[in-house]
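As structure tokens, the structure follows; a few thoughts come after it.
Protein chains: 2
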Amino acid sequence: MYLRELRMERNMPGAHPSAEGAVDAPAGAGDAWQDLLDMVVSRPKRGTERKQDRSKRTEQQILNAAMRVFARDGISRARIADIAAEAGISTSTLYEYYKSKEDLAYDVPILHLAAFLEEFREAVADKTTARDRLQLYLTMSADYAREHAEWARLLYLEIWPSVFVSETDLRHSIDDFSRVVIFLVKQGIAEGTWSARHDPYETAAILVGGLNQITVTWLLYRKPRNLTKAGNELVERMLKMLETEAET
Amino acid sequence: MYLRELRMERNMPGAHPSAEGAVDAPAGAGDAWQDLLDMVVSRPKRGTERKQDRSKRTEQQILNAAMRVFARDGISRARIADIAAEAGISTSTLYEYYKSKEDLAYDVPILHLAAFLEEFREAVADKTTARDRLQLYLTMSADYAREHAEWARLLYLEIWPSVFVSETDLRHSIDDFSRVVIFLVKQGIAEGTWSARHDPYETAAILVGGLNQITVTWLLYRKPRNLTKAGNELVERMLKMLETEAET
DNA sequence: ACGCCAATTCGACGTTTCTTCGGATTTCAG
DNA sequence: CTGAAATCCGAAGAAACGTCGAATTGGCGT
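Going down the list, the protein sequences come from chains A and B.
For the record, in the first sequence the residue sitting at position 244 is 228 according to my numbering, with numbers rising by one throughout.
For the record, in the second sequence the residue sitting at position 126 is 110 according to my numbering, with numbers rising by one throughout.
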């Protein structure tokens, strides 16, 4: 898994307009894009497969309960016993499913992350330009956070930046989120939409950072009132700024 | 303290170019700016004053030890006993200074935050335009994170977004960080540097968010290699983009 | 220099929460 | 129906947090 990521990295950084093949031809671009989508959608899969139906149900109940409790109390203050009780099982049963509280906490966001990416993959099907895809991606992610606020609280306010997510599946999934943006920025540069004079990583940082910032602010203070609208406006504005930049 | 903040809020949000007085006249602007600086510099003061010298030394040792251990192990995995040992005191003595681990964790970043603001206040003295001040503020903050990486790990990767910093002194201090940016953006609008057609909060979100993003990436992966340089470039670019926006 | 009081320190103990373990119960294929 | 695997749970263990009262130390008035 880590190898795949590294290989990915090596393929991408060039991004000079001169770079041949990768994302130039419409067909080639489509393939690389589909490959990336496949990768980020397939990554968030859990390892352990449960054998019995009863068990699958229990697992769902644990995940639901955990999300509620973690979102309400925070990871550090949340008690395993509370989660187990809320899931309707005994504390020790929970340990049959997750070997520690940390493990559980890092597993909870993954399913929703996969659901978001799946939603995006469907919605993006009829978009062809990098600009359209990027706009959809960013606005959808703000909207998804609004719709699933409990999940977003957990992910954005507790897990996203945390050091200790390093070297876990979740960290890879989170990095994938930025990876998509970086890919699309490079694609947009190849398409001539944005200036090639700027580092795509820097551009991606502005986009992802700005969006995160208003999302976190919304989660903490419910300001701006309407996150979806604010997200749309922000994305529209940032993309417009990037285009204007090219003309300078 | 909370009252003062609210009053501040009420003064600021208007920000239409028509708003009179607040940040229009050079003199008035200077005063509002100095007031803001005074406020954000004075906020990070700890309540409890220790009586004996020995005690002040112990407190320092605790804070130093805590920063090391928290940065190394993360807040949740760090053990009070380890911190106490590293500080050369017994566990129970530590509880004379901080009533809980959480309390300690939230107190650690405050001193450095105050130091940064103090540094900034001195450095900004000879800057007169909102643009120059903003540029200095943002680049200095990236540089400060690089210089004090342990502190930055704690603040950016563990505390900044966390829900549970709500309602604490630290939260106010962190909010102050953005407040300065918002203030300067509004001032820049009043000075005609940036377009008045955009929400200053949105503009601030882009600036703060983008900078945070590369800082966090650097803390996690040491990429970009040179944070100071990358921060300077990013800030330069973002400010240029904002100016270009006005001409559209 | 001395003695007193408050500030500070610490070891021992109580409490909470996480985690493990062995056996009881349930499911399901054959 | 039956046996093996999967699942569940109560009780006990381990680890970390947090408290308390006694012992020590520093600062101040005389």
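Backbone N, C-alpha and C fix where the C-beta goes; we use that ideal spot for every residue, glycine too.
Distance check between A:Ile173 and each of A:Leu118, A:His132, A:Ile94, A:Lys85 places A:Leu118 closest, using alpha-carbon atoms only.
Sorting B:Asp66, B:Ala214, B:Lys40 by C-alpha distance to the C-alpha of B:Arg52 places B:Asp66 at the top. Where A:Lys40 is concerned, the enclosing alpha helix (DSSP H) starts and stops at 37 to 57. The C-beta distance from B:Arg130 to B:Thr201 rounds to 13 Å, too long to meet the 8 Å contact threshold. Counting other Cβ atoms within 10 Å of its Cβ, A:Gln18 stays below 16 and is therefore classed as exposed.
At least one CB of chain A lies nearer than 8 Å to the CB of B:Asn196. Contacts with chain A at 8 Å (Cβ-Cβ) do not include B:Phe167. Close partners of A:Tyr140 in chain B (Cβ separation under 8 Å): Pro145.
About 5 Å separates the Cβ atoms of A:Thr123 and A:Val219, confirming a contact at the 8 Å cut-off. In the structure shown, the three-state DSSP call for B:Tyr121 is helix.
Within 7 Å of the CB of A:Ile190, the CB atoms of chain B belong to Ile190, Gly194, Met222, in sequence order along the chain. For the options B:Ser74, B:Arg61, B:Leu97, B:Ser60, the alpha carbon positioned closest to that of B:Pro28 is the one of B:Leu97. Your pair A:Ile198 and B:Ala180 does not check out as a contact, with CB atoms roughly 20 Å apart and the cut at 8 Å.
Within the stretch 37 to 55 of chain A, not one residue has a Cβ closer than 7 Å to any Cβ of chain B. In the three-state scheme derived from DSSP, where H, G and I count as helix and E and B as strand, B:Gly72 is classed as coil. The beta carbon of B:Thr123 sits no closer than 8 Å to any beta carbon of chain A. The C-beta distance from A:Thr177 to A:Glu227 rounds to 7 Å, short enough to fall under 8 Å.
Counting along the chain, the unbroken alpha helix (DSSP H) around B:Ser162 starts and ends at 153 to 174.
Among the residues facing chain A, B:Val200 is included, as its CB has a counterpart in that chain under 8 Å away. Under the three-state reduction of DSSP, A:Asn196 is assigned to helix. Residues of chain A with a Cβ closer than 7 Å to the Cβ of B:Arg137 are, in chain order, Val147.
For the C-beta of B:Glu80, not a single chain A residue is nearer than 7 Å; the gap to the nearest is close to 23 Å. Where B:Trp135 is concerned, the enclosing alpha helix (DSSP H) starts and stops at 133 to 138. For the pair B:Pro93 and B:Leu154, the CB atoms are nearer than the 8 Å cut-off. Between the alpha carbons of B:Glu70 and B:Ala109 lies a gap of roughly 39 Å. By the rule that beta-carbons nearer than 8 Å mark a contact, B:Glu151 does not touch chain A. The residue among B:Leu204, B:Pro184, B:Leu195, B:Ala214 with its C-alpha nearest the C-alpha of A:Ala214 is B:Pro184. A:Val149 sits close to A:Ile158, with the two beta carbons spaced by under 8 Å. Per DSSP, A:Ala107 is one residue of the alpha helix (DSSP H) stretching across 85 to 108. A buried status is given to A:Lys170, since no fewer than 16 other beta-carbon atoms sit within 10 Å of its beta-carbon. Spatial neighbours of A:Thr187 in its own chain (CB-CB distance under 6 Å, excluding positions within 5 residues in sequence) are listed in chain order as Val169. Identification of chain A residues near B:Gly58 by a Cβ-Cβ cut-off of 9 Å yields Ser146, Val147, Phe148, ordered along the chain. When rounded, the separation of the alpha-carbon atoms in A:Ala55 and A:Glu43 is 18 Å. Take A:Leu95, set aside five residues on each side of it, and no residue of its chain has a beta-carbon closer than 6 Å to its own.
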